[in-house]
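Heads up: the structure comes next, in structure tokens.
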Amino acid sequence: MNTVVTAPGAVASDSADSFTRPPAWPHRHLLDVDVLTRPQVELVMDTAVAMAEIVARRRPRSDALRGTGVTNLFYEASTRTRVSFEVAARHLSADVVNVSVSGSSIEKGESLLDTMRTLESLGARVLVIRHAVSGAPYLVAREFGGSVVNAGDGRHAHPTQALLDLYTLRRHIPGGSLQGRKVVILGDVLHSRVARSNLWTLTAAGADVWVCGPSTLLRGFEAWAATGAGGDRRFTVTSDVAAALRDADAVMALRLQQERMAAGLLPSLREYAARYGLTRERLRLAHEGCLVLHPGPMNEGVEISPDVASGRRSLIREQVANGVAVRMAVLALVTSAASRADA
Amino acid sequence: MNTVVTAPGAVASDSADSFTRPPAWPHRHLLDVDVLTRPQVELVMDTAVAMAEIVARRRPRSDALRGTGVTNLFYEASTRTRVSFEVAARHLSADVVNVSVSGSSIEKGESLLDTMRTLESLGARVLVIRHAVSGAPYLVAREFGGSVVNAGDGRHAHPTQALLDLYTLRRHIPGGSLQGRKVVILGDVLHSRVARSNLWTLTAAGADVWVCGPSTLLRGFEAWAATGAGGDRRFTVTSDVAAALRDADAVMALRLQQERMAAGLLPSLREYAARYGLTRERLRLAHEGCLVLHPGPMNEGVEISPDVASGRRSLIREQVANGVAVRMAVLALVTSAASRADA
Amino acid sequence: MNTVVTAPGAVASDSADSFTRPPAWPHRHLLDVDVLTRPQVELVMDTAVAMAEIVARRRPRSDALRGTGVTNLFYEASTRTRVSFEVAARHLSADVVNVSVSGSSIEKGESLLDTMRTLESLGARVLVIRHAVSGAPYLVAREFGGSVVNAGDGRHAHPTQALLDLYTLRRHIPGGSLQGRKVVILGDVLHSRVARSNLWTLTAAGADVWVCGPSTLLRGFEAWAATGAGGDRRFTVTSDVAAALRDADAVMALRLQQERMAAGLLPSLREYAARYGLTRERLRLAHEGCLVLHPGPMNEGVEISPDVASGRRSLIREQVANGVAVRMAVLALVTSAASRADA
């Protein structure tokens, strides 16, 4: 008679894995991806899979954050990221409050802290913050009693974007692993927090990362490449689009940050599009099944052509959809760390 | 002994009516009223009656849209219509997200579509859109996977306003039918999406519609009147206020769209008010019980005098209240069509 | 054998207290504190204690306002007060709608009423209103069918702020009573609705209130002090900071309303800070345990130094936290009066 026995040994063999996996999520905040170990990144990915199942339901609702105050504090205009966090928090039954501070009245450091303290006293347990100044979320996290999630700070970091990009790539790359895969980050690297955070997670996942753009939009990256993106993880910096795209498995086009670009870095939008835009012709240099990503919002016809953006290999819409599940995972994980810290 | 018997025949006689009534709502979107058949308009009215009963409850809540993402995407400032849709969607237990795009950054066609795709990927199943460009909701509906509801596009259409006006008129016109009743649309017809949508529904309901205003604000309407508003339905165009108001059963004053009016169409606000403002004196030309409507927001003292706006025959506040029930009906109907299309 | 018996007499002795306490809250609106009797203020305080217990729960939720429409209508930008009312109303399960009218389009009287009527027709039963014009909430309350709560009108009044200040002071002043305690209101008194409302509640609570600031920012207050703040309740007006702070039990620093200050009232911010800023040195003149309050948002380094703002005696964060409970109490009380008026 055959029976299935759950032997103590099963637990033991499972727990072998826990050697490389954290017993619990230790980070009360998510300010950037550079503090995440590989097992921690895996934990985000696994949690996001579970969250995606909730999102797919007819009534997407979990009780995980019921009664928890989540405040979106946005000092830069954003539709995509703000709504994504709002929807993610609502799916977890959190009490969501939106606070937008208009660009014209961007506040100085001290009043950012004053605002944070006020929102904490009003019941915020998670503060999702976007700010034009690099490092602003770190300043806030030093004093906030709950969890701070960085939703993009200046040119510095956009950790949930990098995590959702990784999640999306792994669901579509043949075999599900980025180990040894060539991934190109193309465009206005200099002003891109998305590029910085992705460099970290993609190299950590074993990808062969190429960073490509006009030399004026790559300043400082060659020096960074020489030292490596975290430990000894190397990446390649080039202004040669053909070299970058050749045999690429995935390419991520970046938004040209016209609003952040000081005059003189580019000759013209037209020339930029002609030389660095991701077109169907250029994409032929890459692998046949080369995946296409873009963090949005797009300048279609500038850094990416409309046919590529809506083409068969484009994962752009799926990036947005996956963002909800990944942010649900992040919200659930950081609050689990916060509540353990309380105990 | 008299007894009331519910005979099978009662059902049979009811179902005779279904010959002229659609078995189900076929429109996944509501972009304008011009695609609605008369039975479909009746279905909106009947559904709105049922919704009004929910609104009247101490805790106005139905489960009809629980778990359904409804996003209000407003490219023009609006308090009344945005809050009306927000309240309507909440009463149906939908998950409501508000997105306002400030007038200064009105986006061009492509990025409107990019925004739509993003909101769809973030879970929007209904997109309620207001846009300064006529036709923008049609562009969006061509690609959106869920339901698009037009909350006002340029000078073109405002279908939920026309439906709530019809609903309000029929509840107050003696006998409940507009057949043969004289209804006047008075004022800045040229710039009014409210006038265009109302012309359709009012003539469809059999009303004798008169359109009245200064000739500069009627351009193009005489030609339209000659061809008829949908099939052979005629209406009258005139600049003669006395002729228009004489024996009228209802008059709908339009907001003077100062923000849309190019210089030179009017001599002055004062003269406009003196010649076309709906005053108590002018109203004496109409039937004694003539009903007064206005889509809001009002320029009191310009197109309507304060005493008429708040007078005994004014239905202005009831229009606003009925708007919630009518929009609940529209949200419920379009999503029922969308879910059948999925099946 | 000892038993605990709940005798009818217990009820009788409880009801002895009702002699000085109103049997029910009579005010449908809260426009200012000047109509509140002392027992009514006590009822707010007691209700706020009960609400604070709800706020402290892991899932802070009461059913008190379920199904009740609460609309925040803000004609001035505000994070703190708007979010505080939003959180308070949500904790009571109300249906909250936020309406912000940008400063650039501040509407004139008539359209304020038009907006109010629209929001009422859309289901608002409580209207929380902030407006730059003193008296605007009174205008609205004359016609609104539900409850109006003043969230700050011009220089006139900010009743919920005064109530939360009183609540906060009484929880920390030794013995719990302000009778005979010296409380200083320091700074830009002229432009402060917070000062005006606090003068009323603090003198009513028996405090010895001192109002202190540059003489240009005290205009009119000496005459007011001579007649008394409500009946014969006296307070002291001075520009002598040392005299004001000497032996003070509590000091409330006011925000310097730079945006409201006509040129010429002050020589410079630096000189203002030097002469009237609440610094650690100045605070040494007060009682050792002198409590520090500020209604926020702070200009740190101007009217208050950062070390005082975050010092051991500062109640500033607790003011914000208590604001939620006090506003819950106010919302519950005014709606209880409104529903009795309906009955």
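Protein chains in written order, with my numbering: chain A, 1 to 343; chain B, 344 to 686; chain C, 687 to 1029. Every residue gets a Cβ at the ideal spot worked out from N, C-alpha and C, and that includes glycine.
- For T887 (chain C), the enclosing alpha helix (DSSP H) has its first and last residue at 879-890.
- A contact is defined here as three or more CB-CB pairs under 8 Å, and the segment 587-596 of chain B meets this definition with respect to the segment 626-638 of chain B.
- A straight-line Cα-Cα distance of about 46 Å links W200 (chain A) and L373 (chain B).
- Residues of chain C whose Cβ lies closer than 7 Å to the Cβ of R66 (chain A) are, in chain order, R745.
- Each of A:L92, A:R117, A:V55, A:V148 was checked against the Cα of R28 (chain A), and the nearest Cα belongs to A:V148.
- Burial is judged here by how many other beta carbons sit within 10 angstroms of a residue's own beta carbon; E957 (chain C) has fewer than 16 and is exposed.
- Scanning chain C for C-beta atoms nearer than 7 Å to the C-beta of R117 (chain A) yields R1003, reported in chain order.
- In this structure, DSSP gives N642 (chain B) a state outside helix and strand, which the three-state scheme calls coil.
- A Cβ-Cβ distance of about 7 Å is found for the pair V70 (chain A) and L331 (chain A), placing them in contact under the 8 Å criterion.
- For A1007 (chain C), the C-beta contacts it makes with chain A under 7 Å involve S121, in order along the chain.
- For the 8 Å CB-CB criterion, G410 (chain B) and R59 (chain A) form a contact.
- Here Q161 (chain A) is buried: its Cβ has 16 or more other Cβ atoms, across all protein chains shown, within 10 Å.
- At a cut-off of 8 Å between beta-carbon atoms, S797 (chain C) makes contact with chain B.
- For the segment 419-431 of chain B, the set of residues with a beta-carbon nearer than 7 Å to any beta-carbon of chain C comprises T422, R423, V426, S427, E429, V430, in chain order.
- Here the alpha carbon of G264 (chain A) sits roughly 14 Å from the alpha carbon of Q257 (chain A).
- Residue-level contact check: V442 (chain B) touches chain A, since one or more beta carbons of chain A fall below 8 Å from its beta carbon.
- If you look at W224 (chain A), you'll find it isn't in any beta strand (DSSP E); it sits in the alpha helix (DSSP H) that goes 221-227.
- As the crow flies, the alpha-carbon of F221 (chain A) is around 41 Å from that of G123 (chain A).
- A distance below 6 Å between beta-carbons, with the five flanking residues on each side excluded, links V819 (chain C) to the following residues of its chain, in chain order: G840.
- For D375 (chain B), no Cβ of chain A is located within less than 8 Å of the residue's own Cβ.
- A straight-line Cα-Cα distance of about 25 Å links A568 (chain B) and Y481 (chain B).
- Taken in chain order, the members of the segment 615-640 of chain B whose beta-carbon sits within less than 8 Å of a beta-carbon on chain C are G639, P640.
- Residue-level contact by beta carbon holds for D114 (chain A) and chain C, with a gap shorter than 8 Å.
- Listed in chain order, the non-local C-beta contacts of F760 (chain C) below 6 Å within the same chain comprise R768, S786, R816, local neighbours out to five positions each way being set aside.
- For A596 (chain B), the enclosing beta strand (DSSP E) starts and ends at 593-596.
- About 4 Å separates the beta carbon of L676 (chain B) from that of W368 (chain B), a gap short enough to meet the 8 Å contact definition.
- Cβ-Cβ distances below 7 Å link H515 (chain B) to L634, L658 in the same chain, with the five nearest sequence neighbours on each side left out; the list follows chain order.
- When secondary structure is reduced to three states using DSSP, H91 (chain A) falls in the helix class.
- For the segment 268-332 of chain A, the continuous alpha helix (DSSP H) assignments of 4+ residues that do not extend past its boundaries occur at 269-276, 280-283, 306-309, in sequence order.
- S427 (chain B) sits away from R660 (chain B), with the two beta carbons spaced by 8 Å or more.
- For D583 (chain B), the three-state secondary structure derived from DSSP is coil.
- Residues of the same chain with a CB within less than 6 Å of the CB of D406 (chain B), apart from the 5 flanking positions on each side, are S436 in chain order.
- The beta-carbon separation of R524 (chain B) and D551 (chain B), rounded to 7 Å, stays under the 8 Å limit for a contact.
- Checking the DSSP bridge columns, you'll see D894 (chain C) partnered with C:K868.
- Boundaries of the beta strand (DSSP E) harbouring I815 (chain C): 810-817, taken from the DSSP string.
- Boundaries of the alpha helix (DSSP H) around A736 (chain C): 724-741.
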